[in-house]
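Chemist:
In this note's numbering, the protein residues as written are 3 to 519.
(1) Just to confirm, are residue 422 and residue 383 a CB contact at a threshold of 8 Å?
(2) Kindly indicate if chain B contains any beta-carbon less than 8 Å away from that of residue 44.
(3) To the nearest angstrom, how far is it from the Cα of residue 126 to the Cα of residue 38?
(4) Is the distance from the Cβ of residue 369 to the Cβ of residue 274 below 8 Å?
(5) With distances taken between CB atoms, is the gap from residue 137 to residue 144 smaller than 8 Å?
(6) What is the DSSP secondary structure of residue 423, reduced to helix, strand or coil?
(7) Residue range of the alpha helix (DSSP H) that residue 168 falls in?
(8) Quick check: what's the CA-CA separation for residue 27 versus residue 425?
(9) What span of residues does the alpha helix (DSSP H) with residue 238 cover, start to end?
(10) So which of 30, 227 and 186 has the shortest CA-CA distance to residue 112?
(11) With a threshold of 8 Å, are at least 3 pairs of Cβ atoms found where one atom belongs to the region 391-399 and the other to the region 344-359?
(12) Using the three-state DSSP reduction, which class does residue 541 fall into: helix, strand or coil?
(13) Evaluate residue 180 with the Cβ neighbour count: other Cβ atoms within 10 Å of its Cβ, from every protein chain shown; 16 or more gives buried, anything less gives exposed.
(14) Let me confirm a value: residue 187 is counted as buried when at least 16 other C-beta atoms fall within 10 Å, else exposed. Which label applies?
(15) Using DSSP with H/G/I as helix, E/B as strand and the rest coil, what is residue 355?
(16) Entirely within the region 134-162 and at least 3 residues each: give me those beta strand (DSSP E) ranges in chain order.
(17) Measure from the alpha carbon of residue 257 to the alpha carbon of each residue in 291, 234 and 107, then state which is nearest.
(18) Which value, in whole angstroms, describes the spacing of the CA atoms of residue 366 and residue 279?
(19) Please report the distance separating the alpha-carbon of residue 166 from that of residue 283.
(20) Report the CB separation of residue 245 from residue 214 in whole angstroms; it is logged as a contact under 8 Å.
(21) Relative to the C-alpha of residue 386, which candidate in 76, 341, 415 and 24 has its C-alpha closest?
(22) Mind checking residue 200: buried by the 16 CB within 10 Å criterion, or exposed?
(23) By alpha-carbon positions, which one of 454, 163, 182 and 312 ends up nearest to residue 399?
(24) What number of angstroms, rounded off, separates the C-alpha of residue 312 from the C-alpha of residue 203?
(25) Using beta-carbon positions only, say whether residue 471 and residue 20 come within less than 8 Å of one another.
(26) Near residue 485, which residues of its chain fall below 6 Å by C-beta distance, leaving aside the five closest residues on each side in sequence?
(27) Can you tell me whether residue 277 is buried or exposed? The criterion is at least 16 other CB atoms within 10 Å of its CB, across all chains shown.
(28) Based on the DSSP secondary-structure assignment, which residues constitute the bridge partners of residue 286?
(29) According to DSSP, simplified to helix, strand and coil, what is residue 375?
(30) How many angstroms separate the CA atom of residue 483 from the CA atom of residue 247?
(31) Let me know the secondary structure DSSP gives residue 201 once reduced to three states.
(32) Let's test the definition: count the other Cβ atoms within 10 Å of the Cβ of residue 287 and tell me whether it reaches 16, buried, or not, exposed.
(33) Given that a residue counts as buried once 16 or more other Cβ atoms are within 10 Å of its Cβ, and exposed if not, what is residue 322?
(34) Can you give the Cα-Cα distance for residue 502 and residue 41, rounded to whole angstroms?
(35) Thinking C-alpha only, which one of 64, 117, 82 and 79 is nearest residue 43?
(36) Residue 195 to residue 332, Cα distance in whole Å?
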């Protein structure tokens, strides 16, 4: 149906998106560049719209406004949420209100909102915030928080003021007070039909997120505690029992033992490709040594693995994604889905906050996306993400021959199946998107498994300065173009055009249209 409508109506839809504005309240000319360069039909925030845990200004004593905001730069290192000196505002609603007010009333962002919603949306006493029309505008503004606009760097479900911070965020993007995204008992995940046959799922990866798995930071934390480093408070909390132990004990422990497959609860805790996976809380019975679903209230998050989404969101996402008949399915993930499997830094494996840190649920998500593509005549879903302060385009395909197959649990899928694309657009200012001289350093920039499209600055497939992302759906040509624009003049830096009818087929790949790679 949609294919015929798209051809007849010559659907041409432009979706723009980005993340990670600036650590501080400062002018953001990229908003004007976006409007001068293109006229998007909608905008989506994929996280870090503002930095609510950071100080209002640079904590450098040489900064002109340092004395005016000295209090936001001061805290000790004994708190597991506050980190001196850059995250002293973590979990503080009053501090967050000041940041939101400064950002939403800035001239650059008001001009941006005027384009999507009209001047009345940012009038005094109204604004997108507090009863505005962001997602109800003719050209909608949508989004989800990541950690910094959730109010806590690398934050999870343990933040005491999470309801208040969620409400502040939804106010900021103009979500109606009657929306199901609001309330005390659920996250802010949602679904929209952007255009005929174009649907987007927005995941909430903070509201139900477990603390970091126990095995990832133990050694580093012991050293941090001994030297009384800036994250001493976080590390003490972590090693004293407030980390997530389910990965070690169950998914990567019991589930790998000989005979575990005979356990009647195996599919619920161990098989990431099962429809039962993560739909029932389980634990290890200390008497029998097997899985049991007899859990206490305090074990409500014990699904056999450490995760981000929670049972309700997993079940909703799986059901709606597989039931959807949309030809283009877009998923907004504040945390990076495809990062650097197997990479370890000085603190330990993974970045400390991406999906690689929550590998069991990551496997479930990747395989679900591939299953969705297979059932949708091979059309590739596209994940939009941010967080890392650069931009790139990645493609992950099924089959045992791929270097990431073991890490993502996709080796058992046929290599002819649907691939999944990821477009990261992150860093909208020179404070967040700082150019590096190579894609080898810092080490996390390097693509070790062949996922990245080989284009862009320095020939390594990344855009390191201020940037935003675009997705151009062309119903007549039956294509979707994914591209990154640089924030200065708005030029296209990297771009890949995909056949809507066959996600395996890349029709065109533009290599660094600004030169130099």
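Where a beta carbon is used, it is the ideal one built from N, C-alpha and C, also for glycine.
Computed from a predicted model, the values in this text were never measured in an experiment.
Modeler: Put simply:
(1) Closer than 8 Å, so yes.
(2) Within the model displayed, chain B is absent; a lone protein chain is all it includes.
(3) Below a pLDDT of 50, predicted positions are generally treated as unreliable, and residue 126, at 39, falls in that range; the measurement from the model is reported next regardless. Each residue's Cα considered, the two are about 25 Å apart.
(4) Yes; because the gap between Cβ atoms is below 8 Å, this pair is in contact.
(5) The criterion of a C-beta distance shorter than 8 Å is satisfied by residue 137 and residue 144.
(6) Here residue 423 sits in strand by DSSP.
(7) Unbroken alpha helix (DSSP H) run through residue 168: 164-174.
(8) Cα to Cα, residue 27 sits roughly 27 Å from residue 425.
(9) Looking at the DSSP string, the run of the alpha helix (DSSP H) that includes residue 238 is 234-241.
(10) Closest by alpha carbon: 30.
(11) Between the region 391-399 and the region 344-359, the count of Cβ pairs shorter than 8 Å is below three; the stretches do not touch.
(12) Absent from the structure is residue 541, since the part of the chain shown begins at 3 and ends at 519.
(13) Residue 180 should be labelled exposed.
(14) Residue 187 should be labelled exposed.
(15) Coil, per DSSP.
(16) Taken in chain order, the unbroken stretches of beta strand (DSSP E) that lie wholly in the region 134-162 and span 3 residues or more are 143-145.
(17) Its Cα nearest to that of residue 257, the residue 291 stands out among 291, 234 and 107.
(18) Residue 366 and residue 279: Cα-Cα distance of roughly 8 Å.
(19) Going by the C-alpha atoms only, they are around 28 Å apart.
(20) That belief holds up - the Cβ atoms of residue 245 and residue 214 are roughly 6 Å apart, short of 8 Å.
(21) The shortest Cα separation from residue 386 among 76, 341, 415 and 24 belongs to 341.
(22) Buried.
(23) Here the closest residue by C-alpha is 454.
(24) Those two C-alpha atoms are separated by around 16 Å.
(25) Yes. Within cutoff.
(26) Non-local C-beta neighbours of residue 485 in its own chain, meaning closer than 6 Å and more than five positions away in sequence, comprise 472, 494 and 497, ordered along the chain.
(27) With fewer than 16 other Cβ atoms within 10 Å, it is exposed.
(28) Note: residue 286 sits in a beta bridge opposite 293.
(29) Per DSSP, reduced to three states, the secondary structure at residue 375 is helical.
(30) Rounded to the nearest angstrom, the two C-alpha atoms are 42 Å apart.
(31) In this structure, residue 201 counts as strand in the three-state DSSP scheme.
(32) Exposed, by the Cβ-count rule.
(33) Per the 10 Å Cβ criterion, exposed.
(34) The straight-line gap from Cα to Cα measures roughly 22 Å.
(35) With distances taken between CA atoms, residue 43 lies nearest to 117 out of 64, 117, 82 and 79.
(36) Answer to the nearest angstrom: the Cα atoms are 10 Å apart.
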